[in-house]
Structure formats: C-alpha cells, structure tokens
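Novice: The structure's right below; bear with me while I get my questions together.
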Ligand SMILES: [Zn+2]
C-alpha cells in the first residue's frame, strides 16, 4: 500500500520550556493543538486556564505549520524510519480526485459502486484519455441522514412468539 496522509509526523519545537512551534510533514487538515502545561508556578493569573474539575494549567492553542523538510531533518537526527509522503497522493486528495494519476487529464469517470470493508471503501475510477484505471480509497468518517424507526420493545415480541409456540 502506498504511503499517504495517514503517515503524519510532528515536531514540537520547545525553547525555555515553552512550545514555540509545531511542524508537520503533512498538509492534512489537522486543525489545532492545545498546549497544556501543569507547571503554573510564576504564571500570571490571566495565563491560567481551568478544567471543569478545577485543575489549573497554562497553555494556548497552537496552529500546525506544514514544513516537511524540518520534520524530516529532525526525524533523521533520531535515525527514525521516516515515511516519505507521496506528493502525488496528497495532490490527488487536495484536488478531490479529479485528475488522472497517470496522464494528469481531468477526464476521469468514477464508478458509483463502492466496495466497503469496515472503515475503508474503494471505488473504481477510470481515465477516458489514457484508459488507466485505479481505485479511489475512502475512509469512514461518520454518518448522517439517519431516518430512525420507532424502537420496538423486545419482551412483548418474545411473548407473542412464546404464545405461537405453545
Ligand atoms: Zn489518464
């Protein structure tokens, strides 16, 4: 399987015990990260936030900066295995899968039938220009448009069956 945007690596840049920046190797939309520091000694009152249970901390919301080379450099310093994010995959997702990964044409035909397996699903796509085919890969993110039916109580149904059997 090709490496894609699921292979996210982050670098948290700290100076003087304070988070200065967070770098990511991915342009995937990770929105925000909250910094939570329980070492509140010497902090000004207006820097302190409080959880529902009264626990105090200092912190802030930090945006993530997309900087692949920075993250790659830091992980290399640890001799860590580092995923090379596939630019072609990232571009494909960024452009909503509206171009052919082979010839670049936007004359692509997606098959409406999607084959699902738990959290993932696949749909066949073809390019009308170069006649390449590939599978779009989908990931389950939730559901909507639930048309709920009234829930039937189990026990009365069981009694009906019991009557029929006797
Ligand atoms: Zn093509």
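Residue numbers (this note's numbering): 751 to 916.
Even for Gly, the Cβ is constructed at its ideal location relative to N, Cα and C.
All values derive from a computational prediction rather than experimental measurement.
Using alpha carbons as the reference points, say which of 860, 866, 841 lies closest to residue 854.
Specialist: Measuring from the Cα of residue 854, the nearest candidate turns out to be 841.
Novice: Going by Cα to Cα distance, which pick from 811, 875, 801, 825 is closest to residue 783?
Specialist: Nearest C-alpha to residue 783: 811.
Novice: Taking 7 Å as the cut-off, is the CB of residue 856 close to at least one heavy atom of ligand 1?
Specialist: Incorrect: residue 856 has no Cβ contact closer than 7 Å to ligand 1.
Novice: Would you kindly check if the distance between the Cβ of residue 809 and the Cβ of residue 838 is under 8 Å?
Specialist: Not a contact, by the Cβ cut-off of 8 Å.
Novice: Between residue 897 and residue 771, what straight-line distance do the alpha-carbon atoms span, to the nearest angstrom?
Specialist: If I take the Cα positions, the gap works out to 45 Å.
Novice: Does the Cβ of residue 879 lie closer than 7 Å to at least one heavy atom of ligand 1?
Specialist: Indeed, a heavy atom of ligand 1 lies less than 7 Å from the Cβ.
Novice: Identify every residue that forms a DSSP beta bridge with residue 782.
Specialist: Beta-bridge pairing links residue 782 to 813.
Novice: Which term fits residue 814, buried or exposed, when burial requires 16 or more other beta carbons within 10 angstroms of its beta carbon?
Specialist: So residue 814 counts as buried.
Novice: If I follow the unbroken beta strand (DSSP E) through residue 870, where does it start and stop?
Specialist: Unbroken beta strand (DSSP E) run through residue 870: 870-877.
Novice: Less than 8 Å between the beta carbons of residue 882 and residue 857, yes or no?
Specialist: Not a contact, by the Cβ cut-off of 8 Å.
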